[in-house]
Amino acid sequence: MFSVAIELGAVGTLRHYRPLPVSPDLRGYAGEQSQIRAAVGTEGVSITGLSARYCPTGRDIYLEKVLKLETPSWPRSVIGKVVDPVLVDLHTIGMDQLDDAFEKSVRTGRAVSFRDLETNIITAAEDAARRRLLSEWTYPGKHPDFRNLTLDDFAERMAGEGGADLIANTLAAIVDLIRHETKLLIAYLRRCRRGRFGLGYFTPSSNWMAEARAALTRLQTGVTLDNKRYPARVFGVRNGVCPDFLYAVTLVGDLKTGPYEQFHEGVAIGYAIFAEFALARRINTAFILSIDLDLTAGKLRSHRIYRIRADDQQRQRWITQRDSALTILRSGSVPPHPSDLQRCSRCPYSHHCWEGGYPGTTPLLPAPHSPAASTAGLP
Ligand code: SF4
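Under this note's numbering, the first residue of the sequence shown carries the number 4, and numbering increases by one thereafter.
What follows is the structure, encoded as structure tokens:
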């Protein structure tokens, strides 16, 4: 996640750290009487699950959380599970390689070879990505028709004879992502070495290495925010509150794959609020690293970092969303089909709601563990 560390920590990014006036009772660390807290003991939903709602009546939340219906698909079950660990691997590998290159430069008195560094990082990160995708992936859910499926078998279920191409294009797109992130890192290091005003700092004793390293290592991944002292349930969210990244203990964010959606902002705000609670810090800015892979061309389609100010309006919206989700979960009955069917065609639950998966035909009552699988998002 070099792109994130550079965007959040490089020179000229002070705007991310500007103070933001927020109502005291909308801060995550506000007292128990604050509206930001949920009723204790509530069955929680993940922070993503709270915001990622397609259905106007909230039927999708009920089908997923209460009836435990799964909607296996390539984008959700493979891309959504593999890209995050691939980027965490890349960051670890990159930092190790960078430290080696810096030490070598100081020891030998020669300038860092950016070309060698880039090649070494890409080679090691591609190997790690191959392992993650081709050797280690098995179907991550409990759906009886898919449990423990290998990547080859799952690809065949999703794309039939095109399964092998689907795997090859997925790997190619991930490799393209690794190269893109690594090039951003190398460009950043070159800028650091040139110095802020374009002056050359070519002696190995210059501070540019230390500055670059400090900016990159402030990024933390794999952080779990909730624990016994700061339990997730006080906000009505599920245990295991793990934002994809935390930077300098004041900025928080999540990685999302696929096209950017408006609801991603709600996910970022949810993490900001919980981080304020767990870290007892003001978190004014949250981020989404949005990555979209083109599985037809085997390329990175888009890569962008969105910045979201955690202001009162965003926090109120999150509370409303959270309370609505908890009401639906506690209702004890499946919410009705909506009158506006616009969302149904893109919704992963269409096979559970409509005969043949065609919105507007015969409405279906849900059956647990229906074998329907979504191919939404496939080329
Ligand atoms: S398919 Fe339509 S009715 Fe069913 S959950 Fe999705 S949006 Fe709601």
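Note that the Cβ used here is the ideal one computed from N, Cα and C, for glycine as well.
Following a CB-centred definition, is Asp63 positioned closer than 7 Å to any heavy atom of ligand 1?
Start at 1 with the first residue of the sequence shown, and residue 63 comes out as number 60. Judged by the Cβ position, Asp63 qualifies as a neighbour of ligand 1 at the 7 Å threshold, a heavy atom of the ligand being closer than this.
Measuring straight from C-alpha to C-alpha, what distance separates Ser305 and Gln36?
For the purposes of this step, residue 305 is taken as residue 302 along the sequence shown, with counting starting at 1. For the purposes of this step, residue 36 is taken as residue 33 along the sequence shown, with counting starting at 1. Their backbone Cα atoms lie some 43 Å apart in a straight line.
Measuring CB atoms only, is the region 290 to 305 touching the region 252 to 264, in the sense that at least three cross pairs come out at less than 8 Å?
Cβ pair count under 8 Å is three or more, so yes.
Return the chain-ordered ranges of every alpha helix (DSSP H) run that is complete within the region 258 to 316 and spans a minimum of 4 residues.
Runs found: 267 to 282.
Suppose the cutoff is 7 Å on Cβ atoms and the five residues either side in sequence are ignored; what does the same chain contact list for Ala353 look like?
In the sequence shown, counting from the first residue as 1, residue 353 sits at position 350. Just to set this straight, residue 353 is Ser in the shown sequence, not Ala. The answer, listed in chain order, is Cys347, Gly360 and Pro362.
Touch check for the region 79 to 91 and the region 107 to 123: three-plus C-beta pairs under 8 Å?
Touching, no, given that fewer than three Cβ pairs across the two stretches are closer than 8 Å.
Would you identify the three-state DSSP class for Val48, choosing helix, strand or coil?
Counted from its first residue, the sequence shown places residue 48 at position 45. In the structure shown, Val48 falls within a strand segment according to DSSP collapsed to helix, strand and coil.
Below 6 Å CB to CB, which residues in the same chain sit around Ala328 once its five sequence neighbours on both sides are set aside?
Position 325 of the sequence shown holds residue 328. The answer, listed in chain order, is Val48, Leu53 and Ile64.
Quick check: is any heavy atom of ligand 1 less than 7 Å from the C-beta of Arg312?
Mapped onto the sequence shown, residue 312 falls at position 309. False, no ligand heavy atom lies under 7 Å from that Cβ.
Could you name the residues of the same chain whose beta carbon sits closer than 6 Å to that of Ala55, not counting the 5 residues immediately before and after it, in chain order?
Within the sequence shown, the letter at position 52 stands for residue 55. Close CB contacts of Ala55 within its chain, under the 6 Å cut and outside five residues either way in sequence, are with Phe266 (chain order).
Give a yes or no on contact between the region 279 to 291 and the region 222 to 240, applying the rule of three or more CB pairs nearer than 8 Å.
A contact is defined here as three or more CB-CB pairs under 8 Å, and the region 279 to 291 meets this definition with respect to the region 222 to 240.
Expressed to the nearest angstrom, what Euclidean distance is found between the alpha-carbon atoms of Asp343 and Leu188?
Counting from one through the sequence shown, the residue named residue 343 turns up at place 340. Counting from one through the sequence shown, the residue named residue 188 turns up at place 185. C-alpha separation (whole angstroms): 46 Å.
Between His340 and ligand 1, is there a pair consisting of the residue's CB and a ligand heavy atom that are separated by less than 7 Å?
If you number the sequence shown from 1, residue 340 lands on position 337. Within the cutoff, so yes.
For the region 300 to 314 against the region 7 to 27, are there 3 or more C-beta pairs whose distance is under 8 Å?
With the cut-off at 8 Å, the region 300 to 314 and the region 7 to 27 touch.
Compute every distance between the C-beta of Tyr142 and the non-hydrogen atoms of ligand 1, then say whether any falls below 7 Å.
On the sequence shown, position 139 is the one that residue 142 refers to. Checking the Cβ of Tyr142 against ligand 1 gives no.
Residue range of the beta strand (DSSP E) that Phe248 falls in?
Taking the first residue of the sequence shown as position 1, residue 248 is located at position 245. Counting along the chain, Phe248 sits inside the beta strand (DSSP E) bounded by residues Phe248 to Tyr250.
Short Cβ contact (8 Å threshold) for Ile181 with Ala132
As a first step, residue 181 must be located in the sequence shown, where it is residue number 178. As a first step, residue 132 must be located in the sequence shown, where it is residue number 129. For Ile181 and Ala132, yes; Cβs fall inside 8 Å.
Are the CB atoms of Leu136 and Thr95 nearer to each other than 8 Å?
Taking the first residue of the sequence shown as position 1, residue 136 is located at position 133. Taking the first residue of the sequence shown as position 1, residue 95 is located at position 92. Leu136 places its beta carbon 8 Å or farther from that of Thr95.
Since Asn242 and Ala251 are thought to touch, with beta carbons under 8 Å apart, how far apart are those beta carbons, to the nearest angstrom?
On the sequence shown, position 239 is the one that residue 242 refers to. On the sequence shown, position 248 is the one that residue 251 refers to. 26 Å between Cβ atoms; not a contact.
Buried or exposed for Val7, please, with buried defined as at least 16 other CB atoms from any protein chain shown within 10 angstroms of its CB.
Working through the sequence shown from its first residue, we reach residue 7 at position 4. Per the 10 Å Cβ criterion, buried.
Ligand 3 heavy atoms versus the CB of Tyr352: any closer than 7 Å?
No copy of ligand 3 occurs in the structure displayed; its ligands are ligand 1 alone.
Could you have a look at Gly12 and say whether DSSP puts it in helix, strand or coil?
If you number the sequence shown from 1, residue 12 lands on position 9. Residue state, collapsed to three classes: helix.
Could you pull the start and end residues of the alpha helix (DSSP H) that Pro143 belongs to?
Here the question's residue 143 lines up with position 140 in the sequence shown. Counting along the chain, Pro143 falls outside any alpha helix (DSSP H), and DSSP gives it neither H nor E.
Figure out for me which residue from Asp148, Arg40 and Leu367 has the closest Cα to the Cα of His340.
For the purposes of this step, residue 340 is identified with residue 337 of the sequence shown, where counting begins at 1. Measuring from the Cα of His340, the nearest candidate turns out to be Leu367.
What residues in its chain sit with their C-beta under 7 Å from that of Gly239, if we drop five residues either side in the sequence?
The sequence position of residue 239 within the sequence shown is 236, counting from 1. Ala41, Thr45, Gly47, Arg325 and Leu329.
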